[in-house]
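*Asks:* One structure coming up, written as structure tokens, with questions to follow.
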Amino acid sequence: MNARAAEKDIVDTAVSAGQFKTLAAALDAAGLVGTLKGDGPFTVFAPTDEAFAKLPAGTVESLLKPENKDQLVAILTYHVVPGKVQAADVVKLDEAKTVNGEMVDITVEGDTAMVNDAKVTKTDIAASNGVIHVIDTVIMPPKS
């Protein structure tokens, strides 16, 4: 493990990676930066900027508006699981309860792990208060 990476919390680790600008902006708009800079530990399934770009046109802009904050919080907390769950442990699960309160499905086929319909593209990025697993799709919580 890279000791330097583990000195940064989840938010700073994601920001310094450079491929999570949309996620960082969304966390800020949702007021979740402070939470994810907290003690944790947290496991974050982090969608890349490319994942956010796959959403229908205007979706991200709409979610970042103050009047849609509750919806944005619901989506973002659906990407966070309490505790530090390394990839070796994730693949043993078939579901996990998110901070949102809803469950995500976890499936593994060969070398590919999926969280709902998102492919995990990179695992076990260490942070001082948890771990980040990179996903290629923004996962949406079930409609309540």
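As numbered in the UniProt record's numbering, residues 1 to 144 make up the sequence shown, in order. Where is the CB? At the ideal position from N, CA and C, for every residue including glycine. This structure is a prediction, so every number in the text was calculated from the model and none was measured.
1. Less than 8 Å between the C-beta atoms of Lys69 and Ala30, yes or no?
2. List the endpoints of the continuous beta strand (DSSP E) containing Lys97.
3. Beta strand (DSSP E) containing Phe20: first to last residue?
4. To the nearest angstrom, how far is it from the Cα of Gly101 to the Cα of Tyr78?
5. Whole alpha helix (DSSP H) runs in the UniProt domain "FAS1" (7-139) with 4 or more residues, listed along the chain?
6. On the three-pair Cβ rule with 8 Å, is the stretch 115-135 touching the stretch 29-44?
7. Could you tell me if Asp105 is buried or exposed, where buried requires 16 or more neighbouring beta carbons within 10 angstroms of its beta carbon?
*Replies:* Once the coordinates are examined:
1. The residue labelled residue 69 in the question sits at position 69 within the sequence shown. The residue labelled residue 30 in the question sits at position 30 within the sequence shown. For Lys69 and Ala30, yes; Cβs fall inside 8 Å.
2. If you number the sequence shown from 1, residue 97 lands on position 97. Glu95 to Lys97 is the extent of the beta strand (DSSP E) around Lys97.
3. Against the sequence shown, residue 20 aligns to sequence position 20. Here Phe20 belongs to no beta strand (DSSP E), and DSSP marks it neither H nor E.
4. The residue you call residue 101 lines up with position 101 of the sequence shown. The residue you call residue 78 lines up with position 78 of the sequence shown. Approximately 8 Å, taken between the alpha carbons.
5. 10-17, 21-30, 33-36, 49-53, 59-63, 69-77 and 87-90
6. yes
7. Residue 105 sits at position 105 when you count from the first residue of the sequence shown. The residue is exposed, with fewer than 16 neighbouring Cβ atoms inside 10 Å.
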